[in-house]
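Report on the structure given below.
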Amino acid sequence: KMTVQEYTLFQKWQEVHRKYPTVETTTLYGTEKLLENPTQKQQIESVRKNIWIPESPEDYDKLEPVLEYTDDTTKRFNGKAVRTQQLSENWNTLRTFLSTMKNNSNIGRQLFFNVNDNRSGKHLGVICISGDFMDLTPRDSAIGWDRHSKTFGGMINHTAIGSSIVPTQPLGYSFTGGKLLAYLCLSDDVQKIWQEKYGDKLVGVTTTSLYGKAKANTLSQYDGLKYWKRMGFTMGSVTYEPQLKTKNLIKQWLKKNHTKKYFEWYEATRANGQP
141 KMTVQEYTLF QKWQEVHRKY PTVETTTLYG TEKLLENPTQ KQQIESVRKN
191 IWIPESPEDY DKLEPVLEYT DDTTKRFNGK AVRTQQLSEN WNTLRTFLST
241 MKNNSNIGRQ LFFNVNDNRS GKHLGVICIS GDFMDLTPRD SAIGWDRHSK
291 TFGGMINHTA IGSSIVPTQP LGYSFTGGKL LAYLCLSDDV QKIWQEKYGD
341 KLVGVTTTSL YGKAKANTLS QYDGLKYWKR MGFTMGSVTY EPQLKTKNLI
391 KQWLKKNHTK KYFEWYEATR ANGQP
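Counting with my numbering, you get residues 141 to 415 for the letters of the sequence shown.
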């Protein structure tokens, strides 16, 4: 039987092997595994070499963190034009290898940011600001809104959730870099881009822990932050997500035995083209 932490790590192991398949190659020194796609190795190495590594404990005091919005068509950074695709690839590479949680893309509002040091251009972490959960009991109780004003009144569009707030290492562990990124989620830059893209003023940001009550009595990167307040536990629960192989078997069974439902859930789209 796996704990929540063990199963989360197991899913990450599967994700990495699925996204970065390898082949066994024979060399003068024996056999070794290499990535099937050489460009993936180049991308990983490029990102790895550009992670901020301090030469002395005082180097953190020299950092000038900046948010790099990955959805811009082009972004000038330190005098160089960087295309969106490369920014997104950097974000996904960092997110996949930095966080224990699987790198899944959500449906709906999402803003992706690379966090870099403006002086050196080195990576400090990644952030994703997503549309907030519809129901979070502690949040709803603290705000005091009812479901009608939250949904039909559009108030939920003025809050967001930090779905990924992940620092690089050793910035995160040795220099509390997670706290830096948590504060950046509340920055004017994030609020401005949210309003420009979605037309709503962003007035609040929430986030949830990775392990919930399984890690309830340990320290959090949000502890001690002035603008972040611990609200309590959600009322719902999440079941373990089955492995991809198991999910595919379930979909095959559903398609054979409940064809209409399969079409509605997996193939049909709305008039606007969304699932």
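Just so you know, even glycine gets a beta-carbon here, dropped at the ideal spot from N, CA and C.
Reference residue i; option with closest CA among the options
i, options, result
"L320", "Y380, Y367 and E176", "Y367"
"L203", "D329, T233, R249 and F315", "F315"
"G261", "I184, K189 and V343", "K189"
"Y323", "D363, W285 and I193", "D363"
"V266", "F273, F292, G293 and C325", "C325"
"W192", "G312, G248, L342 and I333", "G312"
"W334", "G294, G271, K396 and G284", "G271"
"P194", "G317, T348 and F273", "G317"
"I305", "G284, T291, F150 and S360", "S360"
Residue range of the alpha helix (DSSP H) that includes residue i
i, result
"A282", "T277 to I283"
"T347", "It is not in any alpha helix (DSSP H) - T347 carries neither H nor E in the DSSP assignment."
"L311", "L311 to F315"
"E146", "V144 to K159"
"V330", "D328 to Y338"
"K173", "Not the alpha helix (DSSP H): K173 falls in the beta strand (DSSP E), residues G170 to L175."
"P178", "P178 to K189"
"S289", "R287 to T291"
"W393", "L384 to N397"
Contact check, residue i vs residue j, beta carbons under 9 Å
i, j, result
"I269", "S228", "no"
"D257", "V206", "yes"
"Q309", "L238", "yes"
"Y351", "V156", "no"
"T90", "T374", "Residue 90 lies beyond the range of the chain shown here (141 to 415); nothing can be said about it."
"K391", "Y406", "yes"
"Y402", "L394", "yes"
"E208", "V255", "yes"
"N177", "Y160", "yes"
"P197", "L264", "no"
"Y338", "R249", "yes"
Through-space distance from residue j to residue i, alpha-carbon basis
i, j, result
"V330", "Q182", "31 Å"
"D280", "L175", "47 Å"
"P418", "F252", "Coverage of the chain is limited to positions 141 through 415, which leaves residue 418 absent and any answer about it impossible."
"T179", "D340", "39 Å"
"N243", "N232", "8 Å"
"N230", "T236", "10 Å"
"T210", "N397", "42 Å"
"V278", "M371", "The sequence shown places Pro at residue 278, not Val. The alpha-carbon atoms of P278 and M371 are separated by roughly 6 Å."
"R158", "I301", "28 Å"
"T479", "K173", "Since the first and last residues shown for the chain are 141 and 415, residue 479 lies out of range."
"G294", "A411", "22 Å"
"T240", "K387", "21 Å"
"S327", "Y169", "52 Å"
"L342", "N297", "8 Å"
"K152", "F273", "23 Å"
"K385", "I247", "23 Å"
"M142", "V187", "32 Å"
"A282", "G344", "12 Å"
"R287", "Q226", "40 Å"
"E404", "T171", "47 Å"
Span of the beta strand (DSSP E), counted from its first residue to its last, around residue i
i, result
"Y257", "Residue identity differs from the one stated: residue 257 is Asp in this sequence, not Tyr. Its beta strand (DSSP E) spans residues Q250 to D257."
"I305", "T299 to P307"
"I269", "H263 to G271"
"Y209", "P205 to Y209"
"V163", "T162 to T167"
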